[in-house]
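Asks:
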Amino acid sequence: MSLTTIKKATSKKGHRLNVREKDTSRQLSFRQAQEMSRHFTQDKGRQAWVKWFTTLCIAPSISAHPATREMMKVFRPEFNLPSHTAMKNTIDDQARKAKKELMSILKEARYVATTADAGVHTIAHSWVALCIGLMQKLCAESMARSPARAKVQPDKGAPGKRDLQDHSEFGITRKIVATTTDNGANYCAAFAHFGDNQDDPLAVAPEHEDPDGGDVAIVSVHDLLEEEVEDEAEDLPKLPTQRRCAAHTLNLLATTDVSKVVGWNYGTGRQARQPFTKAAAKAQGLWNLHNRSSVVANKIRDVVGRKLNTPCPTRWNTLYDATECLLKTALKDPETIEAINEVMKSEAAGKRAAAPVFTEEDKEILQEYCKVMKPVAICLHRLQAEVNAYMGILLPYLMLLKRDLQAIKREGELRYADPLVDALLEQDGTVHGFNNRFMHLFADEDLLMATLTHPNHGPFMLKHVAPALEEDIKERLIREIVTSITPDPLPSSQSQDMVTEKPKEASDDPFAFLESPTVMEEDGSNIGELIKKEVDTWGRSKVAEVKPGQFPSMHREKWISLFIKYNTALPSSAAVERMFSTAGDVLRPKRASMTSDRFEKSVFTKETCSSWMLS
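Structure (structure tokens):
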């Protein structure tokens, strides 16, 4: 029954149904509506079936498998299961509709941010993903960032060239404010060649780390770029400004930068203190036993009441999370520690090496590790979120991280982890440590503008983040608002033409004096003073969700426009990293025959159609 039919039947205007007629278009009762929603139809079944396939990235061929059809006969015998070809056609149609919808949204967007990532898997497939994020229009109630994960394509060359093609395909080449990538060598080289990152002190750094290992293709990027661009035109579009993923950089800070800290986990000679190395080795041994044997895992669960979290090298924060879980469960009290040691001894029985056992000193060392790394883990967790992921949150959270680490050092309560705090804050060289990785960002005027225009931070946070540049950034904000308000002066030739075309009686216009340059300058100055008062009195909002009412009332549209301009860029590439987390489900040995086009449509449909078309 259509909505129009129901509306006509219940309307007080127009035709009224004859009570003696069979009422086939009356409004449904609440119970009937509930029964209708539960009523099964072939369309509903097909829609749910496609949604399940796209959400889990299941190969369409599974739909035609005899075991699948036998299972569905038990659950829903009347459902006509789509064939392999029908499933492919449906997914293709959904991907086509979603792409059309996405392109229409991008066409209306003024500013767009992208993230990019490349992955290599063992089935000889290399993939490049482009994730598009745009700021939705501000409405009267609220505004939000809408991540639109758009493209996944096989990498047949340099990632920079692939990104340029994607930008052109979606018509966003001139709309992108920044592209956020990880610290992989391939993307750093691509942006150094195709983009303009001369101001990035890390753009020419001697090393680019990526602890995820397989996520980066080890190829001669420089040779690829030289070969592909040599014969192309000089007016080839440039890549936008590159922003390093703050979450990935924090992960490097927490892993690579502290992998060799003298007095903590590294040293030479018998006198070298390595307290964390011994405690971490025992913890890793317990985790290995837990993952290697289900029998041991059950024994540990019997002791602590749950299964342990174990580290994963391709997931951020997992070492901290696993250590924290270990302290709360296996090492929570002497009795539990003794029980865990007995499990480890029983597994080492009959072996030459004695079983390592936990001591109270090990517990204290791991506690200090968690105390020091907790601010890093919290900051990383905040920056990798996709909700309210504005660039303006980056500097405040980094400032908070540095202050927390400095506070831990000032407390002087650490017996073992003082070298760890020092290594996190500052190290010699140009790459490692917080100061080398992040301090240059606190002088980036675009990032400071993003912080200043964010309602949760504003002028209050600016004076804490960059006190030396506070007045300069405020003046820049005032200048940009005044410039957007004050109309541009006409060219001299055009103004002369307009003067000659003026009718004679215009000389008697009492408002003619307002057109004089002096008055315009005075008005501009007055506007600037009023805006300066607005800036100085603008208090920060404590509501996480950004809404139009949080901006100053005077010239609110201009404030919002600047907020969108500087906050559209993403502080983290976690969105595209999560997209690639589905690749392991698709690229299994039994699905190695899946074509590049099929893989792209599967992921695109999963990330887009599952929420837009199939909800």
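Okay, so the sequence shown: first residue is 861 according to the numbering used here, each after it adds one.
Each residue gets a CB set at the ideal place from its N, CA and C atoms; glycine is no exception.
Because the structure is a prediction, the values reported are computed rather than measured.
#1: Count the other CB atoms, across all protein chains shown, that sit within 10 Å of the CB of SER1154; report buried if there are 16 or more and exposed otherwise.
#2: Between LEU1265 and HIS899, what straight-line distance do the alpha-carbon atoms span, to the nearest angstrom?
#3: Could you check which residue in ILE1200, ASP1162, LYS1120 and ALA1140 has the C-alpha nearest to that of ALA1182?
#4: Based on the DSSP secondary-structure assignment, which residues constitute the bridge partners of ARG1104?
#5: For the alpha helix (DSSP H) that ASN1151 lies in, which residues bound it at each end?
#6: Please state whether DSSP places TYR1126 in a helix, a strand or coil.
#7: What do you get for ARG1034, buried or exposed, if any count of 16 or more other CB atoms within 10 angstroms of its CB means buried?
#8: Count the other C-beta atoms from every protein chain shown that fall within 10 angstroms of the C-beta of PHE1320, then say buried if there are 16 or more, exposed otherwise.
#9: Is the number of C-beta pairs between the region 1234 to 1244 and the region 1187 to 1194 that are closer than 8 Å three or more?
#10: Among residues of its own chain, excluding the 5 on either side of ILE947, which ones have a beta-carbon nearer than 6 Å to its beta-carbon?
#11: With a threshold of 8 Å, are at least 3 pairs of Cβ atoms found where one atom belongs to the region 1249 to 1265 and the other to the region 1422 to 1440?
#12: Could you check the C-alpha separation between THR1174 and GLY1055 for me, to the nearest Å?
#13: Specify the secondary structure class of LEU1243 as computed by DSSP and reduced to three states.
#14: To the nearest angstrom, how far is it from the Cα of VAL1163 to the Cα of ALA1199?
#15: May I ask you to verify whether the region 1311 to 1331 touches the region 1284 to 1296, counting CB pairs closer than 8 Å and requiring at least 3?
#16: Over what stretch of residues does the alpha helix (DSSP H) that includes TRP1176 continue unbroken?
#17: Taking C-beta to C-beta, are VAL1406 and PRO1315 nearer than 7 Å?
#18: Suppose the cutoff is 7 Å on Cβ atoms and the five residues either side in sequence are ignored; what does the same chain contact list for ALA1157 look like?
#19: So, helix, strand or coil for ASP1304, using DSSP?
#20: Expressed to the nearest angstrom, what Euclidean distance is found between the alpha-carbon atoms of GLU812 and LYS1425?
#21: Nearest to LEU1186 by alpha carbon, out of GLU1207, TYR1229 and ARG956?
#22: Where does HIS925 sit, in a helix, a strand or coil, going by DSSP?
#23: Could you check how far apart the C-beta atoms of GLY1123 and ARG1133 are, in whole angstroms? I think they sit under 8 Å.
#24: How is GLY1055 classed by DSSP in three states: helix, strand or coil?
#25: Hey, out of LYS1269, LYS1142 and GLU1273, whose CA is closest to VAL1281's CA?
#26: Whole angstroms is fine: what's the gap from SER964's alpha carbon to TYR1276's?
#27: Since ALA1114 contacts MET1259 with CB under 8 Å, what's their CB separation in whole angstroms?
#28: Specify, as a first and last residue, the run of the alpha helix (DSSP H) that VAL1325 falls within.
#29: Could you check what DSSP says for GLN1266 in three-state terms: helix, strand or coil?
#30: For SER1344 and LYS1418, which I take to be in contact (beta-carbon distance under 8 Å), what is that distance rounded to the nearest angstrom?
#31: Count the other C-beta atoms from every protein chain shown that fall within 10 angstroms of the C-beta of TRP1176, then say buried if there are 16 or more, exposed otherwise.
#32: Candidates SER1401, PRO1408 and SER1413: which alpha carbon is nearest GLU1394's?
#33: Count the other C-beta atoms from every protein chain shown that fall within 10 angstroms of the C-beta of GLN1102, then say buried if there are 16 or more, exposed otherwise.
#34: Pop quiz: PHE1136 and ASN1148 are said to be a contact at Cβ under 8 Å. What is the actual Cβ separation, rounded to whole angstroms?
#35: Can you check whether the CB of ARG1297 is closer than 7 Å to the CB of THR1039?
Replies: Once the coordinates are examined:
#1: Counting Cβ neighbours within 10 Å, SER1154 comes out exposed, since fewer than 16 surround it.
#2: Cα to Cα, the separation comes out at about 58 Å.
#3: ALA1140
#4: Under DSSP, the beta-bridge partners assigned to ARG1104 are THR1041.
#5: 1135 to 1152
#6: strand
#7: exposed
#8: PHE1320 sits exposed, since fewer than 16 C-beta atoms from the chains shown fall within 10 Å of its C-beta.
#9: no
#10: Per the sequence shown, residue 947 should be read as Met rather than Ile. Only PRO920 and SER923 meet the Cβ criterion.
#11: yes
#12: 28 Å
#13: helix
#14: 7 Å
#15: no
#16: Looking at the DSSP string, TRP1176 is not in any alpha helix (DSSP H), and its letter there is neither H nor E.
#17: yes
#18: HIS1150 and LYS1167
#19: coil
#20: Any property of residue 812 remains undetermined from this structure, which presents the chain solely from 861 to 1475.
#21: TYR1229
#22: The three-state secondary structure of HIS925, taken from DSSP, is coil.
#23: Separation of the CB atoms of GLY1123 and ARG1133 is rounded to 5 Å, and the pair is thereby assigned contact status at 8 Å.
#24: coil
#25: Closest by alpha carbon: LYS1269.
#26: Per the coordinates, the alpha-carbon of SER964 lies some 57 Å from the alpha-carbon of TYR1276.
#27: In fact, because the Cβ distance is near 18 Å, the residues do not count as touching under 8 Å.
#28: 1318 to 1325
#29: helix
#30: 5 Å
#31: buried
#32: SER1413
#33: buried
#34: PHE1136 to ASN1148, Cβ: 18 Å. No contact.
#35: Remark: C-beta atoms of THR1039 and ARG1297 do not approach each other more closely than 7 Å.
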